[in-house]
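**Student:** One structure, as structure tokens, below. Some questions next.
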Amino acid sequence: MTRLRAGGHTAVAVARTPREGIDHAVDATTAEVQTWLPLLTGCDGVVFAAGADDREVPARPAYSAFHAGNVVPVVTLLTAARQAGVTRAVVLGSYFTHFNREHPEWDLAGAHPYIRSRVAQAAEGRTAAGPGLPVAVVEVPFVFGRAGERFPAWAEGLVGWVSSKSPLLAPTGGTAVTTAETVADIAVDALEAASGADLPAADGNLTWAEMIGGLAAAAGSPRPVKVLPAAAFRLALRLTALRYRFSRKEPGLHPTRLADLLLRHLHLTATGTRPIDPAMVETVEAVREKR
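Number 160 in the numbering used here belongs to position 151 of the sequence shown; there are no gaps in the numbering.
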């Protein structure tokens, strides 16, 4: 919102719960087309930045929950946007859709309900929007930084861990990382250009050990990160899968197949140039302020 307004745009903020800076309170998971129409009338563009998180563990079958959280709200919103005459849209998605597209042999959508929902979110959302409403999808990896009081959903548990005296362990492999500011830049640029493209976001790439160690340093608890052998990492995830099976729950990222994914280097070509360390400090500060 800040970036849009700084660029001279009028922006309307919608969120599930009312708070300072929110213009309308709407639950996107239950909203209907008629809910959105009066809010979208007169708008040129719309950004969807909500959705179900990959860490959620619903009852089996998990895909129904992720479809309800990630696909249905986007289809409903973009259907309303088309009817309201909106001319451009952006959906904040996941970088897993990039790897699903680039590496079909990994079968990510088939293996993981969360990733399947993100792939369907982009495809079904664009179908609902139609040819006259281009929909760009920002494919977001791990994000550091903050947007007002908001910070990444996974950050609270990770900041608590690296702030403690517990040993730090990480598998081999690594990930692309980005900042909240870079995601905002990409989203605003995509809106202004009505690009309709798939847009991976990254300010750089880190090994898992580098990411965890950097966050520990940002939390004021710097210490070595031990590399977890691949065999031990696979075993831990297999045990996690057994626990979920007995509880009749299913995670969005299937544990036994997740090891194959996370042991890879999930790298992206950098689209931003911002340093990650200051954004990690912002993340830690935001988590601690909430507490």
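Cβ coordinates follow ideal geometry from the N, Cα and C atoms, glycine included.
1) Given that a residue counts as buried once 16 or more other Cβ atoms are within 10 Å of its Cβ, and exposed if not, what is A68?
2) Under 8 Å Cβ to Cβ from V192, same chain only, skipping five residues before and after it: list those, please.
3) Mind the definition here: the stretch 78-89 touches the stretch 125-144 only if three or more C-beta pairs lie below 8 Å; say whether that holds.
4) Report yes or no: do three or more beta-carbon pairs, one from the stretch 176-183 and one from the stretch 210-220, lie closer than 8 Å?
5) Check E294 in the structure and name its three-state DSSP category.
6) P67 by DSSP, collapsed to three states: which one?
7) Locate the alpha helix (DSSP H) running through F242, then write down its first and last residues.
8) Please classify F153: does DSSP put it in a helix, a strand, or coil?
9) Would you say the stretch 288-295 touches the stretch 154-169, given that touching needs at least three Cβ pairs under 8 Å?
10) Quick check: the Cα distance between I195 and L208, rounded to an integer number of angstroms?
11) I'd like to check one pair, D36 with R25: are the Cβ atoms closer than 7 Å?
12) Check the DSSP bridge columns for N109 and list the partner residues they point to.
13) Let me make sure I understand the geometry here. Which of S256, G141, G169, R252 has the alpha-carbon closest to that of G205?
14) To the nearest whole angstrom, what separates the beta carbons of L46 and Q92, a pair I think is in contact under 8 Å?
15) In terms of residue numbering, what span does the alpha helix (DSSP H) encompassing S126 cover?
16) Under DSSP, the alpha helix (DSSP H) around R266 begins and ends at which residues?
**Tutor:** In short, the structure shows the following:
1) For this step, residue 68 is matched to residue 59 along the sequence shown. Taking every protein chain shown into account, the CB of A68 has fewer than 16 other CB atoms within 10 angstroms, so this residue is exposed.
2) For the purposes of this step, residue 192 is identified with residue 183 of the sequence shown, where counting begins at 1. Here the set comprises L101, V147, V149, V152, A210.
3) Cβ pair count under 8 Å is three or more, so yes.
4) Of all C-beta pairs linking the stretch 176-183 to the stretch 210-220, three or more are shorter than 8 Å, placing the two stretches in contact.
5) The residue labelled residue 294 in the question sits at position 285 within the sequence shown. The answer is helix: DSSP assigns E294 an H, G or I state.
6) One-based indexing of the sequence shown puts residue 67 at position 58. It is coil, neither helix nor strand.
7) By 1-based counting over the sequence shown, the position of residue 242 is 233. F242 -> alpha helix (DSSP H) spans 239-256.
8) Working through the sequence shown from its first residue, we reach residue 153 at position 144. In the structure shown, F153 adopts extended strand secondary structure according to DSSP, grouped into three states.
9) Yes, since at least three Cβ pairs between the stretch 288-295 and the stretch 154-169 fall closer than 8 Å, the two stretches touch.
10) The sequence position of residue 195 within the sequence shown is 186, counting from 1. The sequence position of residue 208 within the sequence shown is 199, counting from 1. Within the model, the alpha-carbon separation for I195 versus L208 is close to 8 Å.
11) Within the sequence shown, numbered from 1, the residue matching residue 25 stands at position 16. Within the sequence shown, numbered from 1, the residue matching residue 36 stands at position 27. Their beta carbons are under 7 Å apart, which means R25 touches D36 by this criterion.
12) Within the sequence shown, the letter at position 100 stands for residue 109. None; N109 has no bridge partner.
13) Taking the sequence shown and counting its residues from 1, the one referred to as residue 205 is at position 196. With distances taken between CA atoms, G205 lies nearest to G141 out of S256, G141, G169, R252.
14) Start at 1 with the first residue of the sequence shown, and residue 46 comes out as number 37. Start at 1 with the first residue of the sequence shown, and residue 92 comes out as number 83. That belief holds up - the Cβ atoms of L46 and Q92 are roughly 6 Å apart, short of 8 Å.
15) Position 117 of the sequence shown holds residue 126. Looking at the DSSP string, the run of the alpha helix (DSSP H) that includes S126 is 122-138.
16) Position 257 of the sequence shown holds residue 266. From DSSP, the alpha helix (DSSP H) with R266 extends over 264-271.
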